[in-house]
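Student: Letter 52 of the sequence shown, counting from 1, is numbered 858 in this note's numbering, and no numbers are missing. Cβ atoms here follow ideal geometry from the backbone N, Cα and C, with glycine treated the same way.
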Amino acid sequence: MRTVFHVSDADAYRVTESKVRNLLADESVDIDAVAVVIDHPNSIDAAAGRLRETTEALVSDGAKVKLCTNAFGGADAAEEAFPPGVELVSSGVGELTRLQTEGWAYIRL
Numbered sequence: 807m808r809t810v811f812h813v814s815d816a817d818a819y820r821v822t823e824s825k826v827r828n829l830l831a832d833e834s835v836d837i838d839a840v841a842v843v844i845d846h847p848n849s850i851d852a853a854a855g856r857l858r859e860t861t862e863a864l865v866s867d868g869a870k871v872k873l874c875t876n877a878f879g880g881a882d883a884a885e886e887a888f889p890p891g892v893e894l895v896s897s898g899v900g901e902l903t904r905l906q907t908e909g910w911a912y913i914r915l
């Protein structure tokens with residue numbers, strides 16, 4: 807099973823790490839992949855700044871952290887502020903649609 811978390815709020819991003827870890831630790835589900843799609847400028851800034859440790863932990867745990875290019879344009883963070891493993895996607899909603907079409911489970915935080 808593959809799961810994508812949709813994050814549009816910095817406060818929601820704060821709890822993303824624990825949600826992903828809980829999912830990965832749950833032995834009742836077989837998780838093949840986890841992605842986190844961030845589609846708001848404030849959340850992108852938080853992921854690069856005050857919540858960078860969350861971003862690093864997610865990447866370390868094997869999650870794919872994906873930033874909406876459209877929202878990134880309104881953020882203050884530079885691409886270099888993110889650890890390796892974080893990627894820009896053409897649009898957050900497009901990525902969410904694509905992943906769901908490919909059978910990914912969707913969780914909105």
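(1) Among all the DSSP beta bridges, which residues are the ones paired with glutamate 893?
(2) Rounded to whole angstroms, what's the CA-CA distance from glycine 868 to alanine 839? Just pull it up for me.
(3) Using only the alpha-carbon positions, how far apart do isoleucine 837 and alanine 881 sit?
(4) Assuming valine 871 and valine 842 are in contact, meaning their beta carbons sit under 8 angstroms apart, how far apart are those beta carbons, in whole angstroms?
(5) What are the start and end residues of the beta strand (DSSP E) that includes valine 840?
(6) Taking the alpha-carbon positions, what's the threonine 903 to valine 895 distance?
(7) Quick one: using the 10 Å Cβ neighbour count with 16 as the cut-off for buried, is threonine 907 buried or exposed?
Tutor: Reading from the atomic positions:
(1) In the sequence shown, the residue the question calls residue 893 occupies position 87. Under DSSP, glutamate 893 forms a beta bridge with Lys872.
(2) Within the sequence shown, numbered from 1, the residue matching residue 868 stands at position 62. Within the sequence shown, numbered from 1, the residue matching residue 839 stands at position 33. Their backbone Cα atoms lie some 8 angstroms apart in a straight line.
(3) Taking the first residue of the sequence shown as 1, we reach residue 837 at position 31. Taking the first residue of the sequence shown as 1, we reach residue 881 at position 75. Isoleucine 837 and alanine 881: Cα-Cα distance of roughly 31 angstroms.
(4) As a position in the sequence shown, residue 871 is number 65, starting the count at 1. As a position in the sequence shown, residue 842 is number 36, starting the count at 1. Sure, about 5 angstroms apart at Cβ, within 8 angstroms.
(5) Residue numbering aside, residue 840 sits at position 34 when the sequence shown is read from its first letter. In the DSSP annotation of this structure, the continuous segment of the beta strand (DSSP E) that includes valine 840 starts and ends at 839 to 844.
(6) Translated into positions along the sequence shown, residue 903 becomes position 97. Translated into positions along the sequence shown, residue 895 becomes position 89. Our two residues, threonine 903 and valine 895, have alpha carbons roughly 12 angstroms apart in a direct line.
(7) Locating residue 907 in the sequence shown gives position 101, counting from the first residue. Threonine 907 counts as exposed, since fewer than 16 other C-beta atoms from the protein chains shown sit within 10 angstroms of its C-beta.
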